[in-house]
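Quick notes on the structure that follows.
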Amino acid sequence: MDFKVNPLDLNTAADHSRVEKVLILGSGPAGMAAALYAARADLNPLVLAGTEIGGQAALTNTIENYPGFPDGIGGAELGELFQKQAERFGARVEYDMATRVDFSKKPFKVFTYDKEYQAESIIISTGASSIKLNVPGEQELTGRGVSYCATCDGWFFKGKQVVVVGGGDSALEEAIFLTRFASQVTIIHRRDQLRAGAILQRRAQENPKIKFILNSVVTEIRGSDAVHSLRLKNVISGEESDYATDGVFVFIGHKPNTELFQGQLEMDSRGYIQVNQLMQTSVPGVFAAGEAADPNYRQVITSAGMGAAAAIQVTHFLEDNV
Ligand SMILES: Cc1cc2nc3c(=O)[nH]c(=O)nc-3n(C[C@H](O)[C@H](O)[C@H](O)COP(=O)(O)OP(=O)(O)OC[C@H]3O[C@@H](n4cnc5c(N)ncnc54)[C@H](O)[C@@H]3O)c2cc1C
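For the sequence shown, this note's numbering gives the first residue as 842, with consecutive numbering after it.
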């Protein structure tokens, strides 16, 4: 008889036997704040980190509006600090990704590619992802001039001309950041006014490297091995034109990463998980926090606050129900 055991089988067996008190999906500000609070309540939480450790915050160069850091802090660094602080009190982080869930009965089940987790309570903090332009050339040229992360890719555009698409806070922050590398940054926005906050607007307008094309949309990204130009359409006149550029950074918003909860939890028409003030979802014992459940504020501090609130409610839920 062959007594060799596949380590994958051992993992699976171990995961089947353990029922976590609280399983947190996502390692962004909401997930890590939830982990910190749950750990300090002695719940030994397990966090499934997903593919983006530290969440969207880790994609940005500097965060200047998270209290406690008067000189700002690097996005990735803040994520590392969140994780370190949560782990100090007993949170565990696994680099795994939920692919399917079953919230129909307890213990709740969360499946990844090769494991199954069970938990008495769940905190969903899977955040949101960038919305694509969905124009010809975008997909083919992603990584070859099309980017959704200035911190990650800005360096590649040293001395080059780039375009930023969008008019919100993220678009302007990233445009300003890109002026460190690029010789010129053109912000293209579909409306006649920017949506970003006043301070950011002023900084962008005063930056000699930044120029604006308003009332315009990108209808095509052109290039073969690299981006060389965009097709633009003026939304007022309908006029079309070509615009030469070496790169396109797209910051036109986000959509919640909640597809895997479809049919299990109540959501709004855009896919945001519906929660009440106590971060409770439509399934008792399943809580949601951060951008997965928040179409309004979408900040590190608000997401972290929701994560902390969810963990406090999990503590009450487990006291009452287990
Ligand atoms: C470019 C940029 C700049 C920004 N600048 C600022 C700023 O200066 N100040 C500010 O306050 N906010 C800023 N934000 C917004 C801020 O980053 C977000 O509001 C915040 O990160 C949201 O936190 P979250 O935890 O809800 O979600 P996210 O940060 O989106 O984290 C989601 C987490 O869930 C994980 N995940 C996703 N799907 C799964 C799954 N199926 N299984 C397991 N895990 C999963 C991901 O890997 C990730 O770890 C910026 C965002 C961007 C994109």
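Every residue gets a Cβ at the ideal spot worked out from N, C-alpha and C, and that includes glycine. What you are looking at is a predicted structure, and each value in this text was computed from that prediction instead of being measured.
Buried or exposed: where does residue i fall if 16 or more other Cβ atoms within 10 Å of its Cβ makes it buried?
i	result
residue 826	It is not possible to answer for residue 826, since the shown part of the chain is limited to 842 through 1163.
residue 1117	exposed
residue 1017	buried
residue 1039	exposed
residue 912	exposed
residue 1047	exposed
residue 836	This structure does not reach residue 836, given that the chain is present from 842 up to 1163, and the question cannot be answered.
residue 1049	exposed
residue 878	buried
residue 1113	buried
residue 1098	buried
residue 858	exposed
Need the endpoints of the alpha helix (DSSP H) that residue i sits in, please.
i	result
residue 922	916-929
residue 1027	Here residue 1027 belongs to no alpha helix (DSSP H); instead the beta strand (DSSP E) covers 1025-1029.
residue 1041	1039-1047
residue 998	Careful: residue 998 lies outside any alpha helix (DSSP H) and carries neither H nor E.
residue 1141	1141-1162
Since residue i is in the beta strand (DSSP E), which residue starts that stretch and which ends it?
i	result
residue 941	941-943
residue 1018	From DSSP, residue 1018 is part of no beta strand (DSSP E) but of the alpha helix (DSSP H) over 1010-1019.
residue 866	860-866
residue 1129	1127-1129
residue 933	933-935
residue 1034	Neither: residue 1034 is in no beta strand (DSSP E) and is coded neither H nor E.
residue 1004	1002-1006
Whose C-alpha, out of the options, is nearest the C-alpha of residue i?
i	options	result
residue 1032	1132, 1077, 978, 877	1077
residue 1003	994, 1011, 1010	994
residue 998	1010, 1007, 985	985
residue 1135	981, 1123, 1115	1115
residue 1127	917, 938, 946, 928	946
residue 872	1144, 1064, 1155	1144
residue 904	1094, 992, 1083, 883	992
residue 1026	1147, 896, 1051, 941	1051
residue 1070	1079, 954, 1089	1089
residue 1067	869, 883, 980, 1150	980
residue 943	955, 959, 932	959
With residue i and residue j assumed to form a contact (beta carbons below 8 Å), what rounded beta-carbon distance in angstroms separates them?
i	j	result
residue 961	residue 948	6 Å
residue 1062	residue 987	6 Å
residue 890	residue 860	Going by Cβ atoms, the distance from residue 890 to residue 860 rounds to 20 Å, so no, they are not a contact pair.
residue 1001	residue 1087	4 Å
residue 1122	residue 1130	Wrong, their Cβ atoms sit about 10 Å apart, outside the cutoff.
- Query: What are the uninterrupted segments assigned as beta strand (DSSP E) that are 3 or more residues long and contained completely in the stretch 1052-1122, given in chain order?
  - Reply: 1057-1064, 1068-1075, 1081-1085, 1088-1091, 1095-1097
- Segments assigned alpha helix (DSSP H), at least 4 residues, entirely inside the stretch 939-986: 979-982
- Considering only residues of the stretch 878-920, which uninterrupted beta strand (DSSP E) runs meet the minimum length of 3 residues and lie entirely inside it, listed in chain order? 887-889
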